[in-house]
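Asks: Residue numbers (the numbering used here): 677 to 1158. Supplied in structure tokens, the structure appears directly below.
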Amino acid sequence: NKLDKKFPKDFLWGGATAANQFEGGYNEGGKGLSIADVLTAGSHTVPRRITPTIEDGMYYPNHEAVDFYHRYKEDIKLLAEMGFKAFRMSIAWSRIFPNGDDPEPNEEGLKFYDNVFAELKKYNIEPIVTISHYETPLNLAIKYNGWVNRNLVDFYVRYCDVIFRRYKDIVKYWLTFNEINALTMPWGTFMAGAIMPNGNGEISNNETDNEQIRYQALHHQFIASAKAVKLGHEINKDFKIGCMIAYMCFYPLTCNPDDVLLAQQKDNLHNFLCSDVQVRGEYPGFAKRYFEEKNININMQENDEQILKEGKVDFYTFSYYMSNCVSADQNEEKIGGNISLGIKNPYLKASDWGWQIDPKGLRWTLNNIYYRYQIPIMVVENGLGAIDKVETDGTINDDYRIDYLREHIKQMKEAILDGVDLIGYTTWGCIDLVSAGTGEMKKRYGFIYVDRDDEGRGTLNRMKKKSFYWYKKVIETNGEDL
Ligand code: BG6
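This is the structure we're talking about:
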């Protein structure tokens, strides 16, 4: 049966993490502070706060996170037990360059990742490394105002040079910036752009938002990404270097052509602007029009166009959690807590955090991306943030998570049938970790439970959830037994 298409035999099944949400050890081994280290805890309704320095008596959930820094052997062993083929992780930039602008890298930080990669290798788990995942060294934010300043390009490229050379024989897959398109949205100003707020310190503070600044910072990241791609290929021609987009799937709320057009415009601006630059090597026409209409002037240097052309990525990766509706009618009520999520879709259910669950949207998205670029694709984040209950017998019956993932995997299979070149799937937060958006622990994504609460209490012990055994079986059967 021709339609009995399966996942490719070397499909990269696995899970994903980010250093600042996972490692802890925030001031150990010579690590400097990153922007994530000055974020307080928040919730679905209360935004996290950015404090310019670490305040006494304030709880910062990313400082210890879930302590992968000391437990990486135990953790990787558990991932291997599930049969992981790939593990997406980030390198904490401030572990390698504590201040970002230091002349020399920190050997102890490099040594830590030598050990992590060696451990992964032991189990034949392929690392997929995000170079910058919402964790720019804090000094670069304070001293230079983050990515608004072009000097960050050089600091980033120097950092890439060090890690590319050090790990050139052990890491093949690299992602230059996590969710680079976050800078097209106000909440990305600090986390993605490392741009200091001058308002009340709330992460989603729109009052001080300034598109001119955000798009200039984004341009610098495009240049940094392109330079990194070029450099990486010079260091090892077999490197596969990808972009990473937070794909926001937008549906028109109605068939009113105004809604349909708006959905397309949002798709272009928030999803495709970045990947057009990173995959095709130039700004698309709609971006130029948008900049013109909004009076945004990107300061470009003479050879920037050339740099972008020479630094096209090898593959496309994205995070996918939900879909949202958009309407040209300003009176439609918006949903969402700490980030604005568009308009409610009456056909979908949402998570406890208001994220609308839409497996078919993943198939739609995969097709939408593939027919634009025709390069290999990986889904590098997907999953359900939910509250888990540990039963008195120690079991954790997270059937809701299994349902969520099963339905999304089914749709990935459909997309493969549609012709999409999908090469990997790493679910978000395969071991419970700190939420980026809210700083909570109780918004859990993992197959492995971590005993830690929102106030930082708990043993940090790891426990296997029901989904652990389920995902193990999924990997074992290459996605056949769901
Ligand atoms: C993505 C980020 O936006 O979504 C992750 O790359 C983040 O860092 C994930 O953790 C889930 O979001 P949250 O807010 O539930 O942690």
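Yeah, the Cβ is synthetic: ideal placement off N, Cα and C, and Gly gets one too.
Pick out whichever of Lys1141, Gly701 and Lys819 has its Cα sitting closest to the Cα of Gly776.
Replies: The sequence position of residue 776 within the sequence shown is 100, counting from 1. Closest by alpha carbon: Lys819.
Asks: Rounded to whole angstroms, what is the Cα-Cα separation between Gly1208 and Lys749?
Replies: In the structure displayed, the chain extends from 677 to 1158; residue 1208 sits before or after that span and is not available.
Asks: With a CB to CB cut of under 8 Å and the five nearest residues on each side skipped, what residues in its chain are close to Val714?
Replies: Locating residue 714 in the sequence shown gives position 38, where the first residue counts as 1. Around Val714: Ile726, Thr727, Pro728, Thr729, Ile730, Tyr736 and Leu814.
Asks: DSSP state of Val838, grouped into three classes?
Replies: If you number the sequence shown from 1, residue 838 lands on position 162. In the structure shown, Val838 sits in a helix (DSSP, three-state: H, G or I).
Asks: Would you kindly report the start and end of the unbroken beta strand (DSSP E) that includes Asn1000?
Replies: Mapped onto the sequence shown, residue 1000 falls at position 324. Counting along the chain, the beta strand (DSSP E) containing Asn1000 begins and ends at Ser999 to Val1002.
Asks: Compare the Cα-Cα distances from His896 to each of Glu981, Pro928 and Arg842 and report the closest residue.
Replies: By 1-based counting over the sequence shown, the position of residue 896 is 220. The shortest C-alpha separation from His896 is found at Glu981.
Asks: How about Gly691: is its Cβ closer than 8 Å to a heavy atom in the ligand BG6?
Replies: Translated into positions along the sequence shown, residue 691 becomes position 15. Not under cutoff, so the answer is no.
Asks: What I want to know is whether the C-beta of Lys1118 ends up closer than 8 Å to one or more non-hydrogen atoms of the ligand BG6.
Replies: The count along the sequence shown starts at 1 and reaches residue 1118 at position 442. The answer is no for Lys1118.
Asks: Could you work out which residue in Gly785, Lys761, Phe760 and Met758 is closest to Ser770 when comparing CA atoms only?
Replies: Counting from 1 along the sequence shown, the entry for residue 770 is found at position 94. Ser770 has its Cα closest to that of Gly785, out of Gly785, Lys761, Phe760 and Met758.
Asks: In chain order, what residues of the same chain lie with their CB nearer than 7 Å to the CB of Asp885, ignoring the 5 residues before and after it?
Replies: Your numbering for residue 885 matches position 209 in the sequence shown. Within the same chain, Asp885 has close Cβ partners Pro862 and Thr865.
Asks: Under 8 Å: does the beta carbon of Trp1040 sit that close to some heavy atom of the ligand BG6?
Replies: The residue given as residue 1040 occupies position 364 in the sequence shown. No, since every heavy atom of the ligand BG6 falls outside the 8 Å radius drawn around the Cβ of Trp1040.
Asks: Going by other Cβ atoms of all chains shown within 10 Å of its Cβ, with 16 needed for buried, is Gln1050 buried or exposed?
Replies: Here residue 1050 corresponds to residue number 374 of the sequence shown, with the count starting at 1. When all chains shown are included, Gln1050 counts as exposed.
Asks: Give the DSSP-derived three-state secondary structure of Lys1140 in the structure shown.
Replies: Position 464 of the sequence shown, counted from the start, is the residue given in the question as residue 1140. Strand at Lys1140.
Asks: DSSP on Trp1040, reduced to helix/strand/coil?
Replies: By one-based count along the sequence shown, residue 1040 stands at place 364. Three-state DSSP puts Trp1040 in a helix.
Asks: Any heavy atom of the ligand BG6 closer than 8 Å to the beta-carbon of Asn854?
Replies: On the sequence shown, position 178 is the one that residue 854 refers to. Yes, the beta carbon of Asn854 sits closer than 8 Å to at least one heavy atom of the ligand BG6.
Asks: Once you ignore the five residues that flank Glu740 on each side, which residues in its own chain have a CB closer than 6 Å to its CB?
Replies: Residue 740 sits at position 64 when you count from the first residue of the sequence shown. So the list reads Gly700, once near-sequence residues are dropped.
Asks: State the DSSP-derived secondary structure class of Leu754, mapped to helix, strand or coil.
Replies: Against the sequence shown, residue 754 aligns to sequence position 78. Reduced to three states, the DSSP call for Leu754 is helix.
Asks: For the beta strand (DSSP E) containing Val792, name the first residue and the last one.
Replies: Residue numbering aside, residue 792 sits at position 116 when the sequence shown is read from its first letter. Unbroken run through Val792 is the alpha helix (DSSP H), Glu783 to Lys798; no beta strand (DSSP E).
Asks: How would you label Cys931, buried or exposed, when you count the other beta carbons within 10 angstroms and need 16 or more for buried?
Replies: What you label residue 931 is simply residue 255 of the sequence shown in a count that begins at 1. Counting Cβ neighbours within 10 Å, Cys931 comes out exposed, since fewer than 16 surround it.
Asks: Short of 6 Å in beta carbon distance, which residues of its chain neighbour Tyr849, apart from the five on each side in sequence? Order them along the chain.
Replies: Counting from 1 along the sequence shown, the entry for residue 849 is found at position 173. Contacts found: Ile804 and Lys916.
Asks: Quick one: which unbroken beta strand (DSSP E) runs of 3-plus residues sit fully inside the region 895-981? Chain order, please.
Replies: 916-922 and 925-928, all fully within the region 895-981.
Asks: Closer than 8 Å to a non-hydrogen atom of the ligand BG6 - does that hold for the CB of His896?
Replies: Numbered from its first residue, the sequence shown carries residue 896 at position 220. His896: no, Cβ never under 8 Å from the ligand BG6.
Asks: Is Trp1104 near the ligand BG6, going by C-beta to nearest heavy atom under 8 Å?
Replies: As a working mapping, residue 1104 is identified with position 428 in the sequence shown. It does: the Cβ of Trp1104 is within 8 Å (strictly closer) of some heavy atom of the ligand BG6.
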